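In the working numbering, the protein residues as written are 5 to 1064.
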């Protein structure tokens, strides 16, 4: 066929009617004649390809795989038909949406994909026509390929159904409605939305050829979800009785409906359909993943045998198998030539199964070093930067379910609620562990009384178990998920036996891991479990008719439980007496509660001893408590010194030891710490390592910094064997591109190392707890701003601050990365008003810049107006973004004694998120990486409020205090600064916001020094930064010196961006 003949064929193609002669010439010049025999598959569904074709002679068949795995004939193509053009559309990602096979010997013209795409994108009319055809084909193919349509057509019952024409966003039925009909989508798209608790989750996306609403009739006839049109739709309403008849008459249709009995929308546009089958009496969960590329992956989970197999349907590639076996665990991954996971076969419980499945669905490459990690440890990711889990966090990756979703879902006939663990099963172990096993149960938490700033009455109700009965005086163990481990504490029950919930009273402890969470504003997000009641310290009401409680402080809780039992007893045959020692009468919020109970019940007596006035109990004061009654039991509870002294006094007074019951809680959990020797090891031992530690002064090259950093990371993570494979990748990248990219693990651990190496930071003991959020892929300033707002919300955590870092793209050779101009994410404006600064003087330049770029401050400008985020993203103008008030937690500053402090209207934000540093990580420079820990009170009270170039409040405070400010010798500045520090601590405490005092910080740093020394690592510190500006000589750090050296990796303060 010559050029003229080819041109004649192209001019007969209907879709090319709008092309110019120049465009015809371009297509013709890049066309090739192909001759095929009959039965030849030209195009394979799901395969890559972007060439278009025109059939010249012969005949072709177009087929597509149906949701049930069968191949359905979509069309027969006759000569002069254009096909294959749909793969050039962006939505199809150069993937074939159907297979094409010759029915007889055929000749075709192949149009080169690049040229066809170029012509199509330049010719709007052709592009629109191709797109329109694509939409029509996709919808028609789905409709014609549907077994439901085939069944209805075969039975000829369209006339018995009602046709509905609905506009977009129309509600078809609501969750909870009666399910009287089934609906078939003829055209358009319908969303299936399920309400779980207070959230609405999109669980299905129904397109033409698919039905919905058929499940409601299987149980109680109620809709389990809401159906709403996403686009204009044409639907067929099928009466349920008619649909039931169809199912009975057509087994294939019944099987297909079973497949659709559970439809889920997964991340990345993937849809999953599920069904459950029975094999040898076992329930097998089958899943079909519908990928955006048109490919299907089929998974099968056997929970009883702990096995899972997932693979692509009609896999044509030869796969390399990677195998890991350890004990009962056996894993096989099938990889293609591009190192993409195409099959997963697991026997046993594998924690990384959800991650492996995500690799399979995303079709992202598994790098050689991750393959080495899998072969060596059976992992795909290193155990770095594992996020803490809250009630709203995703625990089932496959179905994007949070723990709260699972709790709120109705109990299933089999498996976990809401279908959790029913796709791959990888999360089942984690979910079961979080929900509680054996004696543990996940608990609903409610604050019953928060009227006292230091004590809270909490009600805990088991979710999956009944509240067990208990004896007065017994306790429960409470576990809270902190980081990735449950921390455990014991609390005495103060609720009467038989209550619907367990009641405990929690005392707020400074930096207390457990108690701080019970005082946080996001308590409802915490993952908390409770045990059944336990303990041998209890009141036996049958044999102990008269009992005496001698208690101190929070140790009153067992006595309160006994008092509640008296109040709920009938008849009142027992006598309970409670003697409480406290330092001051208003110390405990439940003193009034005990007074009220004793006033209402004559068999209950209660009195207090104010030790600040009357002194501690001794034999003289104990004698009257023992006189007049023959006590069946005496219960002691309180601090250890109180218990020891009181027991000794009672024994001296002749009380039998058998009558004395002492409550001692055994607490578990908490952050693991390296055991320290008797004396602190402060010497700096030389580090013995297989890698060379570099300093900022070493002038190392990129290749040298990268090698040192990577060796340190993999050595400290006990994965030195991975270094060689990873180093080959990095060295190749540097040679080819002049830079390399960090893995998520390298970025996270590297950021933690930077904190550990930061010589200016006194809070380094918590370096392992830094949560690193990887957002290097973001380039748009709006998206970056949204992520920063999310950082503020996550890190603030309702006042229970989380050390958090958000990392954006690094600098590249000849290309600077983004910068955040604020030196902290949250900063107060400093307005220049006639030469005087209103607000924070440190931010006057940034305030001026923000105003020049259109920032509109509040009409009534104040000293505490929050500046917008100022983001400098390459290729974009400077971007300003206001921080929503709802995410910015601010603390009003008041004082425990000076009530006039409130008239000053002082406040400060809770989250100190530093954003004016750069991070040098293995030779790569990151310029936008805001991160936070929490405040030390002197940062606010002794610097922000009192520095002359900040708010400079020292004199104003001293005047209010009535101090002599005529000369510095009166130390008025020192006294004013001290009261500001007290006010800051008091204010943060009563508002339940994390803060450290400078003594705590000093002690923490010394523990860090000890831990590092035991790890044989050197400690470097800048003395003027780790010693607090107030009371420095009273802290431990004051009396030690360290060399000031800047190791790599590390943080570095940068120049002001507007000056560079």
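Note that beta-carbon positions come from the ideal geometry of N, C-alpha and C, so glycine has one too.
Just so we're clear, the structure is a prediction, and the values are computed from it rather than from any experiment.
- Within the model, the alpha-carbon separation for residue 836 versus residue 796 is close to 28 Å.
- For residue 633, the CB contacts under 8 Å within the same chain, skipping 5 residues up- and downstream, are 550, 552, 579, 581 in chain order.
- Taking a contact to require three or more Cβ pairs closer than 8 Å, the segment 934 to 943 and the segment 993 to 1000 qualify as touching.
- With respect to residue 953, residue 1057 sits apart: the two C-beta atoms are not nearer than 8 Å.
- Secondary structure of residue 705 (DSSP, three-state): coil.
- For residue 303, the three-state secondary structure derived from DSSP is strand.
- By the C-beta density criterion, residue 540 is exposed, having fewer than 16 other C-beta atoms within 10 angstroms.
- Contact annotation: the segment 375 to 385 touches the segment 722 to 740, with at least three C-beta pairs closer than 8 Å.
- DSSP places residue 788 in the helix class (H, G or I) of the three-state scheme.
- Between residue 978 and residue 381, the alpha-carbon positions lie close to 58 Å from each other.
- According to DSSP, residue 349 shares a beta bridge with 313, 336.
- Residue 59 is positioned such that its CB atom lies closer than 8 Å to that of residue 81.
- Taking the Cβ atoms as the reference, residue 105 lies roughly 5 Å from residue 45, within the contact range of under 8 Å.
- Measuring C-alpha to C-alpha distances from residue 1064 to each of 823, 291, 445, 133 identifies 823 as the nearest.
- Taking 8 Å as the cut-off, the beta carbon of residue 235 is found no closer than this to the beta carbon of residue 167.
- Between residue 911 and residue 895, the CB-CB gap stays under 8 Å.
- The shortest C-alpha to C-alpha distance from residue 924 to any of 754, 1062, 864, 719 is the one to 754.
- Where residue 231 is concerned, the enclosing beta strand (DSSP E) starts and stops at 230 to 233.
- Residue 368 and residue 127 have their C-alpha atoms spaced approximately 34 Å apart.
- Taking all protein chains shown into account, residue 826 has 16 or more neighbouring C-beta atoms within 10 Å of its C-beta and is therefore buried.
- Using a Cβ-Cβ distance cut-off of 8 Å, the segment 734 to 741 and the segment 999 to 1017 are not in contact, since fewer than three pairs of beta carbons, one from each stretch, lie closer than that value.
- Excluding the 5 residues flanking it on each side, residue 1003 has same chain C-beta neighbours closer than 8 Å at 1035, 1038, 1039, in chain order.
- Closest in C-alpha terms to residue 117, from the list 227, 178, 495, 34, comes 34.
- Counting C-beta atoms within 10 angstroms of its own C-beta, residue 715 has 16 or more neighbours from the protein chains shown and is therefore classed as buried.
- Residue 14 sits away from residue 65, with the two beta carbons spaced by 8 Å or more.
- For the set 567, 461, 556, the Cα lying nearest the Cα of residue 477 is the one of 567.
- Counting along the chain, the unbroken beta strand (DSSP E) around residue 809 starts and ends at 808 to 811.
- In this chain, residue 758 is not harboured by any beta strand (DSSP E); it is covered by the alpha helix (DSSP H) spanning 748 to 761.
- Note that the segment 748 to 763 does not touch the segment 838 to 855; fewer than 3 beta-carbon pairs, one per stretch, sit closer than 8 Å.
- Look at residue 375 here: in three-state DSSP terms it is helix.
- With a cutoff of 8 Å on beta-carbon distance, residue 583 and residue 647 are scored as not near each other.
- Boundaries of the beta strand (DSSP E) harbouring residue 843: 840 to 843, taken from the DSSP string.
- The C-beta distance from residue 384 to residue 359 rounds to 5 Å, short enough to meet the 8 Å contact threshold.
- In this structure, residue 700 places its C-beta atom within 8 Å of the C-beta atom of residue 1050.
- Note on the segment 525 to 608: whole alpha helix (DSSP H) runs with a minimum of 4 residues are 561 to 571, 595 to 604, in chain order.
- Separation of residue 19 and residue 212 (C-alpha to C-alpha, rounded to the nearest whole angstrom) is 25 Å.
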